[in-house]
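A quick write-up on the structure given underneath.
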Ligand code: SAH
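In the numbering used here, the protein residues as written are 31 to 275.
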């Protein structure tokens with residue numbers, strides 16, 4: 031009898047430990063540990079923290095977001111490799127280090143409102159989502175935008191708002207933004223993006239010739255509205271396309 035009661039109590043304890051129950055498919059911004067957790071830890075240690083990304087919030091977000099969910103099934107085993115990967119429609123998901131570096135350069139704060147140009151897979155938006163209050167993201171390629179919207183919703187990133195369109199003009203209805211990340215390269219800085227930055231805001235953008243090496247730059251708008259540009263590193267991004275171009 032005694033043993034039975036003990037077993038029942040143990041069962042109850044185990045049930046309580048497992049509370050709240052997880053229902054597959056239900057939105058959850060903090061996914062349960064998955065079989066890729068170790069790969070993610072290694073990715074952060076070997077590719078990101080070992081280089082020059084030290085912001086603990088950014089490192090935590092990179093450890094948490096399930097990158098393998100953002101790549102096509104045939105690329106899943108390569109999801110945590112130190113390189114960009116194809117996501118269809120001639121586009122790519124950026125190398126993990128570049129995502130982490132751009133995120134750190136934008137100095138995200140929990141109260142921030144962020145804009146991303148070039149949703150692609152939605153991975154960068156998911157990383158930002160863990161670090162700011164609201165993320166607005168624009169994708170010019172409709173099928174990619176639709177897939178990303180579905181994926182972000184299914185994974186529980188409820189603070190991401192997306193739309194299809196040309197991000198060259200930013201998103202005036204939701205401006206101004208504390209930070210703007212551009213993940214496709216234009217040959218000049220779009221003036222609307224600078225205009226939609228708050229004073230003190232940061233714009234992180236690759237700029238340069240199409241299909242050449244571009245420069246990753248950070249543009250800060252100061253309290254008086256003047257901008258200061260800092261050149262970071264050479265990068266290679268897909269081109270920012272124009273709707274009528
Ligand atoms: N941030 C993405 C990777 C982006 S690849 C991720 O995390 O997966 C760059 C994306 O920018 C592509 O999907 C491309 O279709 C998109 N793009 C190109 N020109 C654009 C424009 N003018 N406005 C919005 N998106 C654009």
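C-beta atoms are modelled at their ideal positions from N, C-alpha and C, and glycine is treated no differently.
**Asked** For residue 83, which residues of its own chain have a beta-carbon under 7 Å away from its beta-carbon, when the five flanking residues on both sides are left out?
**Response** 89, 130, 131 and 134
**Same chain, Cβ closer than 6 Å to residue 126, five either side skipped, listed in chain order** = 73 and 77
**Prompt:** Skipping 5 residues on each side, what residues in its chain have a beta carbon closer than 7 Å to that of residue 193?
**Reply:** 168
**Message:** From the DSSP secondary-structure annotation, give me the bridge partner or partners of residue 166.
**Reply:** 145 and 191
**Item:** Cβ-heavy atom distance, residue 168 to the ligand SAH, below 6 Å
**Value:** yes
**Asked** Apart from the five residues just before and just after residue 157, which ones in its own chain have a Cβ nearer than 7 Å to its Cβ?
**Response** 91, 92, 95, 129 and 133
**Beta-ladder partner(s) of residue 259, from DSSP** = 249
**Message:** Looking at the ligand SAH, does it come within less than 6 Å of residue 188, judged from the CB to the closest heavy atom?
**Reply:** Shortest gap from the CB of residue 188 to any heavy atom of the ligand SAH: 6 Å or more.
**Asked** For residue 106, which residues of its own chain have a beta-carbon under 7 Å away from its beta-carbon, when the five flanking residues on both sides are left out?
**Response** 98
**Asked** Quick one: any contact between the region 248-256 and the region 228-235, if contact means 3 or more CB pairs under 8 Å?
**Response** The region 248-256 and the region 228-235 touch, with no fewer than 3 CB-CB distances between them shorter than 8 Å.
**Asked** How about residue 190 and residue 212: do their beta carbons lie closer than 7 Å?
**Response** no
**Prompt:** For the candidate residues 199, 147, 162 and 230, whose alpha-carbon lies nearest to that of residue 259?
**Reply:** 230
**Pairwise C-alpha distance: residue 173 and residue 159** = 21 Å
**Message:** Please classify residue 80 as buried or exposed, where buried requires at least 16 other C-beta atoms within 10 Å of its C-beta.
**Reply:** exposed
**Prompt:** Does the ligand GDP have even one heavy atom less than 6 Å from the beta-carbon of residue 121?
**Reply:** Looking for the ligand GDP in the displayed structure turns up nothing; the ligands present are the ligand SAH.
**Message:** Less than 7 Å between the beta carbons of residue 240 and residue 221, yes or no?
**Reply:** no
**Item:** Residues bridged to residue 158 (per DSSP)
**Value:** Answer is none; residue 158 lacks a bridge partner.
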